[in-house]
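*Asks:* Below: one structure in structure tokens.
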Amino acid sequence: MAIAEQIKTFSPTHIVVEHKFAEQKKFTEDYEAYLSKRNAKLKQFPRNEVYQLGFRLAEKLGHSSIFAVDTWGRMYSTVDQVLIDKVKVAEFGKYYKSNPDTELRYSSGKPLYKSQGIAAELLRLNSEKNIKKSLGNYLIGHFKFETEENEYFGADFETGRWFSRNLRIFRNIQRVLAKPGDRILMIFGSGHMNLLNVFFDACPEYEREHIGNYLNTSK
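Just so it is clear: in the sequence shown, position 89 is 171 by the numbering used here, and no numbers are missing.
This is the structure:
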């Protein structure tokens with residue numbers, strides 16, 4: 083069974099995707115054009131899961147809209163000052179790419195989509211172990227970077243780049259007008275789930291389900 087058909091069995095009432103919240107109007111126009119077949123075929127859109135899976139699923143489910151909920155985090159002004167300074171940002175960039183913690187970074191292993199199919203790859207990327215461990219990559223390396231002016235520069239940078247961003251994404255999901263009993267499907271890069279899963283599990287408004295309940299890896 084195709085991936086879209088398998089995920090469809092989750093019976094989502096809303097679909098939220100990794101597309102910029104600020105671009106919702108244009109995104110909605112693209113989806114409406116796709117639904118009406120006004121010169122809008124899937125092949126003309128970017129070849130990513132947001133369009134190729136999101137549009138297809140939403141159409142199959144009879145959804146009139148898809149919700150774009152991605153956004154950027156908010157950086158501290160002290161971080162912004164470094165990022166616009168050519169010398170200082172070069173120093174940070176060098177440390178970002180090569181630092182003492184490089185070998186400590188967690189790897190989720192080799193991709194499985196070529197040997198075992200897309201379903202197996204999705205399950206690998208979304209395994210609870212991989213997602214929890216991946217958060218550690220945001221707490222080492224450049225997270226420890228310090229400057230004379232700011233001994234918490236790395237922590238402040240990651241606060242804005244990752245933690246603030248995902249909190250804002252979560253807030254955008256809360257803006258989706260879902261009723262008790264509704265089911266929200268997230269089509270997002272699995273990396274975001276190392277924080278979003280924590281938020282969903284902690285928030286009394288949601289009950290999280292794992293994608294593994296709906297995917298079949300048999301060929």
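Yeah, the Cβ is synthetic: ideal placement off N, Cα and C, and Gly gets one too. Fair warning: this is a prediction, and the values are worked out from it, not measured in the lab.
1) Going by DSSP in three states, glutamate 233 sits in which element: helix, strand or coil?
2) Hey, histidine 274 and isoleucine 251: beta-carbon distance below 8 Å or not?
3) Please classify alanine 140 as buried or exposed, where buried requires at least 16 neighbouring CB atoms within 10 angstroms.
4) With threonine 153 and asparagine 254 assumed to form a contact (beta carbons below 8 Å), what rounded beta-carbon distance in angstroms separates them?
5) Applying the criterion that 16 or more other CB atoms from any shown protein chain within 10 Å of the CB defines a buried residue, is phenylalanine 169 buried or exposed?
6) Buried or exposed for glycine 223, please, with buried defined as at least 16 other CB atoms from any protein chain shown within 10 angstroms of its CB.
7) Kindly indicate which residue of Arg247, Leu277 and Asn279 has the alpha-carbon position closest to the one of glycine 155.
8) Out of Lys176, Gly242, Leu194 and Lys215, state which residue places its alpha-carbon closest to the alpha-carbon of alanine 280.
9) With respect to the beta strand (DSSP E) encompassing alanine 150, which residues constitute its N-terminal and C-terminal limits?
10) According to DSSP, is valine 258 helix, strand or coil?
11) When you compare the CB positions of alanine 201 and asparagine 295, do they come within less than 8 Å of one another, or not?
12) Helix, strand or coil for histidine 96 per DSSP?
13) State buried or exposed for threonine 91, treating a residue as buried only when at least 16 other CB atoms are found within 10 Å of its CB.
14) When you compare only the Cα positions, how much space is there between glutamate 87 and tyrosine 288?
15) Just to confirm, are glutamate 100 and glycine 242 a CB contact at a threshold of 8 Å?
16) Tell me, to the nearest whole angstrom, how far the beta carbon of proline 94 is from that of arginine 265; I am working on the premise that it is less than 8 Å.
17) Grouping DSSP H, G and I as helix and E and B as strand, with all else coil, what is histidine 101?
18) What are the start and end residues of the beta strand (DSSP E) that includes leucine 267?
*Replies:* Reading off the structure:
1) coil
2) yes
3) Counting the other CB atoms within 10 Å of its CB gives alanine 140 a total of 16 or more, which places it among the buried residues.
4) 6 Å
5) What sits at residue 169 in the sequence shown is valine, not phenylalanine. Valine 169 should be labelled exposed.
6) buried
7) Arg247
8) Residue 280 is actually valine in this sequence, not alanine. Answer by Cα proximity: Lys215.
9) 149-152
10) coil
11) no
12) In the structure shown, histidine 96 sits in a strand (DSSP, three-state: E or B).
13) exposed
14) One Cα belongs to glutamate 87, the other to tyrosine 288, and the distance between them is close to 24 Å.
15) no
16) 5 Å
17) strand
18) 266-269
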